[in-house]
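Protein chains in written order, with the working numbering: chain X, 1 to 329; chain Y, 330 to 626; chain V, 627 to 959.
Taking it in order: structure first as structure tokens, then the write-up.
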Amino acid sequence: MADSILKVKDLKKYFPVRGGFFSKPVAWVKAVDGVTFEMEQGEVLGLVGESGCGKTTLVNVLLNLEEPTSGEVYFDGLDLFDMDKKSLRKIRKNLQIVFQDPFWSLNPRLLVRDIVGEPIKVHANCSREQLVKKVGDLLEMVGLPRSGVFKYPHEFSGGERQRIAIARALALSPKLVVLDEPTSSIDVLSQAQILELLKNLKQSLGLTYILISHDLSVVNYMADRIAVMYLGKMVEYGPADDVFDRTAHPYTKALFAAIPTLDTEGIDSIATIEGSVPSAINPPSGCRFHTRCPMAKEICRQREPVMVDLGGGHRAACHFIGKDAKGAC
Amino acid sequence: MTKSPGIINSIKPRIREIRLSLYLLGRNRLTRLSLGVVILLVLTALVAPFIVPYPEHIEAETNPVDKLLPPSGKYFFGTDELGRDIFSRVIYGTRISLQTALIAVGLALLIGIPLGAIAGATGGMVDEVIMRITDIFLSFPPLLLAIAIAAFLGPSLENAMLAIAVSWWPWYTRLIRGQAVSIRERQFVKAAKAIGTPPARIIFGHIVPNCIAPVIVQASMDIGGVILTIASLSFLGLGAQPPTPEWGLMVSTSRNYFLNAWWYSIFPGLAIFVTVLVFNLLGDGLREILDPKTRKI
Amino acid sequence: MGEYFKIKDLRVGFKTFEGHKNVLDIDTMVLNKGETFGIVGESGAGKTVLALTILRLLSSPPAVIESGSILFNGEDLLQKPESEMRKIRGRHISMIFQDPMSTLNPVFTVGEQIIRVFRNNKRISRKEAEKEALGMIEMVKLPDAKNIMGKYPHELSGGQRQRIVIAIALSCGAEFLIADEPTRNLDVTIQAGILKLIAELQRELGVTVLFIANNLGLVSAICKRVAILNAGRIVETGSVREVLKDPRHPYTLTLLNAIPRNKGERVNRVNTTIKEERDRDLRGCRYYSRCVEKREVCRDSEPVPGLILGTHWVACHRAFEGGEPGGGQHTEG
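Encoded structure:
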């Protein structure tokens, strides 16, 4: 398809665990273990999962901050891992990221002018006056006053800092922006404002987002398509409405049930999943979720489920998807 | 409208920062005091030749008639064995001590900071090589190393400065490297990498400015230590040579007359003591204001 | 019987280089024994300052407690000497901080840390302390407690760490627990577990909990009563049901609208006005510059809290206009 802006094929990233006398790898952390998906221009993909599920590693690989173990990534039709440094630098312009924590992602010793202006300085020649004007424009675009150009990050609140990080990501008019938990460390009010801003920017600038979050309600608000990850694997993938209305995987269901909403009456109506995410060094056999899954059976321990197509691009990997419908009556 | 406000505005935040720093410095009484004394010392050093009562006593001129006189209205700190005014010489000595200490520390910083930053930010083989060299230097006691180098280069104030710089830089390298290793993992460095910022710019534009604070603190404390080391070297005859009015040298010469002319050793010694103390106190105060936790007022 | 915990006319300010700034201005706040009380507000509203003021852990300078009293079991905490405060902290009032990683000491195993707390507070042998520590870890529902005892903080997950912090906070028999955004930066699934734990402990041990959050959704799940804090002032308070069903202060509405909704209601009305610091200096309402329904009177006179119904109080001029408040649902912004 011509419209596909990002295509990820069977991407794997293993980290060696070194030990022994010659620091040979004794085990592998399978942080990302065979992820495949595709994105169209102007789409928002919500990537959901608990910490330790490999979301951040996936992003690092996509942004070329880490080498993949195997797999292919095509950005705008170009193979990202088969490219010389020069073209890579050009591609960087089109591929930007907004990090999770606005307190650590902005250099505290630099003026906003130099933080937001850095990508411009790196990729284009530009006089001081032009830079100030451009950074001012960018700040206005993200809803901050122009006077912010000559301030330091610590003079801004968490939400405002995240706006600065967004301005920096947009400085080179990228095509794809990765939002790595953009609102998980700011309060609800700023979160709502940031999400609103991101939505508007997407419309006016024709951006494509990968939105990473552990909070399904945030993803729900923005995403066209949702991918749920667990321990390096994708367990459910499909159009947002489908995933919400016809949630197939027990893990996705659990994620939904965990969110306290205003309709929650009392603590008992919130569901929890027992235990925590197992280690990715020796992931559980069969279905990786079987250690915490409420409906796990013997088969889950033994065989790894394959992605089942549920129609309309909605896929999920669980042994009970087909049977659930049949075995219900 | 583009030009002038831009320039004015770009100066403003710096001024605000400086004002804030001064405010924070002034909050602690001891720091305020030490800052005052340091400013006084610097001023003294600048105008020393013009304010001393006997400028001719600074260098070679002798005055045997008034030799080894106790402190009096004429000679505040008394006189030495050649009849020179100790007050004039101690005042002028401020200039020598501060100047040499600043240059020596500056040189050490100039070597130490880039090496440490490169080692910490790059890691791997580069880090290993730089840090093992640093370890070799660190395995000698700094004073002993300085003595050895000064002895090798020959006794003079300039060589003493060099000797100190050479024996001092590894401390800064280690300090900066430790900081740089943790800063390297910060998200803003990752953000800069994601933008495509070249490595040199990441090291000197992002990493160094963020690990400089503890080094400034250390350096300001070290100025005291370096003054002491220069005095020690001069005391041993490896630093300043007579008739330079260097405090350590003066203490050294005064040894022979200590029993009947206490003022000869006490006043230069006191000058060393006060200077070292206030620089240490200032360093402590700086540590407080450069600590981001206390800064977040 | 008198109140269990009562804050009266508390004013706390910060002395900074830009001058004096009021950060907390609370007329009254009462907690009953054994209840879970929620404090909600965005960052910078003074929630953490309130928690630290109660424990007298505010660093001064820059903070100055100007006036007021905090009555705990009939005694004023603000009048106590430091030596007595030290006995109160941990044994009577405990706090769970936002970031469990920086609360725990990275060089000791978590078991060791709990044992130390026991041995510092009670005269018991190490053996007994170990047994008690094991009990505490079991109490916070961590499986395989023996194994957890020997682990270092960095070997635990965020949720496990926060459970250990809760265990430490309760290990000296504290009856009053301040939880300062205990689930911030935790995954949603882990957050649900921590919330449940706090609710269960509250029920089992009968502790009183002051639950600080920025999300009304969290508070509605765990608390019975709530106070909304804006720029250091309580703007609305009442039972969770009263406040959520019939929010009267525009700020409460804004907070409600900020919560992303599930299915169907995909569009939220968001108040996009950015918070302005200078609101604190106004004589009137501290929500003035952001308020969508501000009136002339709001700028010049501070709204006094007025009773709506039952225990529901609101400090807003608009709420009492023309006697009949325009009780709208929270769909309008």
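Built from N, CA and C at the ideal position, the CB exists for glycine as well.
Does the distance from the CB of residue i to the CB of residue j come in under 8 Å?
{"i": "X/R330", "j": "X/V132", "result": "Coverage of chain X is limited to positions 1 through 329, which leaves residue 330 of chain X absent and any answer about it impossible."}
{"i": "Y/I524", "j": "X/P283", "result": "no"}
{"i": "V/D806", "j": "V/Q739", "result": "no"}
{"i": "Y/I476", "j": "Y/L565", "result": "yes"}
{"i": "Y/I618", "j": "Y/L354", "result": "yes"}
{"i": "X/P182", "j": "X/L95", "result": "no"}
{"i": "V/L844", "j": "X/P260", "result": "yes"}
{"i": "X/E236", "j": "X/A316", "result": "yes"}
{"i": "X/L62", "j": "X/V219", "result": "no"}
{"i": "Y/G449", "j": "Y/R530", "result": "no"}
{"i": "X/T272", "j": "V/G819", "result": "yes"}
{"i": "X/L231", "j": "X/V277", "result": "yes"}
{"i": "V/E764", "j": "V/L697", "result": "no"}
{"i": "Y/V366", "j": "Y/V605", "result": "no"}
{"i": "X/L216", "j": "X/V48", "result": "yes"}
{"i": "Y/I545", "j": "Y/I447", "result": "no"}
{"i": "X/E72", "j": "X/D224", "result": "no"}
With DSSP as the reference, label residue i as helix, strand or coil.
{"i": "Y/I442", "result": "helix"}
{"i": "X/G34", "result": "strand"}
{"i": "V/T729", "result": "helix"}
{"i": "Y/W500", "result": "helix"}
{"i": "Y/W591", "result": "helix"}
{"i": "X/E40", "result": "strand"}
{"i": "X/S173", "result": "coil"}
{"i": "X/I186", "result": "coil"}
{"i": "V/F631", "result": "strand"}
{"i": "V/F802", "result": "strand"}
{"i": "X/R225", "result": "strand"}
{"i": "X/T346", "result": "No statement about residue 346 of chain X is possible, as the shown extent of chain X runs from 1 to 329 and does not include it."}
{"i": "Y/V381", "result": "coil"}
{"i": "V/F663", "result": "strand"}
Report buried or exposed for residue i, applying the criterion of at least 16 other Cβ atoms within 10 angstroms of its Cβ.
{"i": "X/M222", "result": "buried"}
{"i": "X/N60", "result": "buried"}
{"i": "X/N64", "result": "buried"}
{"i": "X/V306", "result": "exposed"}
{"i": "Y/R503", "result": "buried"}
{"i": "X/R18", "result": "exposed"}
{"i": "Y/F596", "result": "buried"}
{"i": "V/K889", "result": "With a pLDDT of 44 at V/K889, under the threshold of 50, the modelled position of that residue is not reliable, and no figure is offered here."}
{"i": "X/M295", "result": "exposed"}
{"i": "X/K13", "result": "buried"}
{"i": "V/G954", "result": "For V/G954, the pLDDT reaches just 41, beneath the cut-off of 50, and the residue's location in the model is therefore unreliable, leaving the point undetermined."}
Got a sec: does the ligand ADP put a non-hydrogen atom nearer than 7 Å to the Cβ of residue i?
{"i": "V/G761", "result": "The ligand content of the structure shown is nil, which means the ligand ADP is not present either."}
Applying a beta-carbon distance threshold of less than 8 Å, which residues of chain Y neighbour residue i?
{"i": "V/F643", "result": "R348, L349, Y352, L353 and I626"}
For a contact defined as C-beta to C-beta under 7 Å, what are the partners of residue i on chain X?
{"i": "Y/F533", "result": "Residues of chain X passing the Cβ test: none, with the nearest at roughly 12 Å."}
{"i": "V/L855", "result": "By Cβ distance, chain X contributes nothing, its closest Cβ being about 12 Å from V/L855, past 7 Å."}
{"i": "Y/T526", "result": "E118 and V122"}
{"i": "Y/P538", "result": "R109"}
{"i": "V/A677", "result": "Simply none; closest approach about 16 Å."}
{"i": "V/N841", "result": "V188"}
{"i": "Y/A521", "result": "E118"}
{"i": "V/S865", "result": "Neighbours of V/S865 on chain X: none; closest Cβ ~13 Å, over 7 Å."}
Determine the chain V residues that contact residue i at a beta-carbon separation under 8 Å, and present them in chain order.
{"i": "X/G232", "result": "Correct list: empty, because the minimum Cβ distance to chain V is about 16 Å."}
List the residues of chain X that residue i touches, going by C-beta distances under 8 Å, in chain order.
{"i": "Y/Q516", "result": "F99, Q100, D101, W104 and S105"}
Can you pull the chain Y residues whose beta carbon is under 9 Å from the beta carbon of residue i, in chain order?
{"i": "X/R18", "result": "Neighbours of X/R18 on chain Y: none; closest Cβ ~14 Å, over 9 Å."}
Quick one: which chain V residues come within Cβ less than 7 Å of residue i?
{"i": "X/D215", "result": "V814"}
{"i": "X/Q41", "result": "Correct list: empty, because the minimum Cβ distance to chain V is about 22 Å."}
Cβ closer than 9 Å: which chain V residues qualify as neighbours of residue i?
{"i": "X/S279", "result": "Going along chain V, no residue has its Cβ under 9 Å from X/S279, so there is no contact; the nearest lies around 10 Å."}
* Are three or more beta carbon pairs between the stretch 722-732 of chain V and the stretch 702-713 of chain V nearer than 8 Å? -> no
* Asked: Is there contact between the stretch 651-665 of chain V and the stretch 830-847 of chain V, where contact requires at least three CB pairs shorter than 8 Å?
  -> Yes: the two stretches touch, three or more of their Cβ pairs being nearer than 8 Å.
* the stretch 807-814 of chain V touching the stretch 768-776 of chain V, judged by at least three CB pairs closer than 8 Å -> no
* Does the pairing of the stretch 841-858 of chain V with the stretch 661-675 of chain V give three or more beta-carbon distances under 8 Å? -> yes
* Could you tell me whether the stretch 550-570 of chain Y touches the stretch 481-488 of chain Y, where touching means 3 or more Cβ pairs closer than 8 Å? => Yes, they touch.
* Are there three or more Cβ pairs, one per stretch, closer than 8 Å when the stretch 405-421 of chain Y is compared with the stretch 368-380 of chain Y? -> Segments in contact, yes.
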